[in-house]
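In the working numbering, the protein residues as written are 15 to 285. Glycine residues also receive a C-beta, built at the ideal position from the N, C-alpha and C atoms.
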Ligand code: APR
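Structure (structure tokens):
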């Protein structure tokens, strides 16, 4: 069922009246780009069950072992990590990402807080993107916080094969060239604190906004899931874009039922 024009018109009216519109994006926004969601109909975890959410504890216990396991999984076609990596490597921004980038270009949307690590919102042309769960294309030093493109690290690996043994690394994790700290993927693992600079920027956006678009999120993972309520407590209106109801639906002023890559372009055409 796609959304009736009346609700799209209502949403457009709320956005037009607002001064500071922010979007909170989830995995559903990238579903139209062929990347599976975790929850909801057809989600990876809906089908296979939620994995043990201990990834950060496992990493902290033995980073070198984590890296060896991760790099081996990324080259194993039977592994879910490989399958997700393939889907994200192949993905391109869809009409939903492009509509959000156009809303920013027109000065209507101030920023996108995205829970997605796929880099697609930036690839769509958005400049104000707050990646609350990080970005799969980057590495981050746990000691000094330096972030850099993963490609540079892989180039370093190929320049120094002694660092790599088969699909794994020698007995130490990749280390920061600046401070010698341990490097990890710049994607936030379950149990890992969100980098304070990112969290602060997301909180400020949620507190400043007077209209928040909730696009393709199940609203189940904090602190991202709290952002709409932080906004609403300060008088913001909430507009949800999702084919299914979520835990956030009851709080929303307008609910647009349907896929983001159909709804968002239709909303853009009304603005
Ligand atoms: N358009 C819009 N929404 C969609 C679409 C679509 N085409 N397809 C599915 N959805 C909705 C689903 O109904 C569901 O509500 O997207 C939502 C996806 O929910 P999740 O998979 O839980 O994704 P998200 O809310 O981003 O999860 C938050 O949990 O697993 C962790 O770190 C991961 O960032 C992720 C976080």
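7 Å Cβ shell around residue 88 - same chain, five flanking residues per side excluded: 95, 96, 99
Collapsed DSSP secondary structure at residue 248 in the structure displayed: coil
For residue 64, count the other beta carbons within 10 Å of its own beta carbon; 16 or more makes it buried, fewer makes it exposed. Which is it? exposed
Express the C-alpha separation of residue 109 and residue 205 in angstroms, rounding to a whole number. 33 Å
Could you check what DSSP says for residue 235 in three-state terms: helix, strand or coil? coil
Spell out the partners DSSP gives residue 128 in its beta bridges. 39, 145
Quick one: what's got a C-beta closer than 7 Å to residue 199's C-beta in the same chain, skipping five residues either side? 150, 153
Rounded straight-line distance, which links the Cα of residue 235 to that of residue 249: 22 Å
Tell me which residue opens and which closes the alpha helix (DSSP H) that residue 73 is part of. 69-75
Just curious, the alpha helix (DSSP H) that residue 225 is in, first and last residue? Careful: residue 225 lies outside any alpha helix (DSSP H), inside the beta strand (DSSP E) at 225-229.
Residues in its own chain within less than 6 Å of residue 69 by CB, not counting five upstream and five downstream? 203, 204
Host beta strand (DSSP E) of residue 161 (start-end): 161-163
Is it buried or exposed, residue 5, if we count other Cβ atoms within 10 angstroms and call 16 or more buried? Limits of the chain in this structure are 15 at one end and 285 at the other, which puts residue 5 out of reach.
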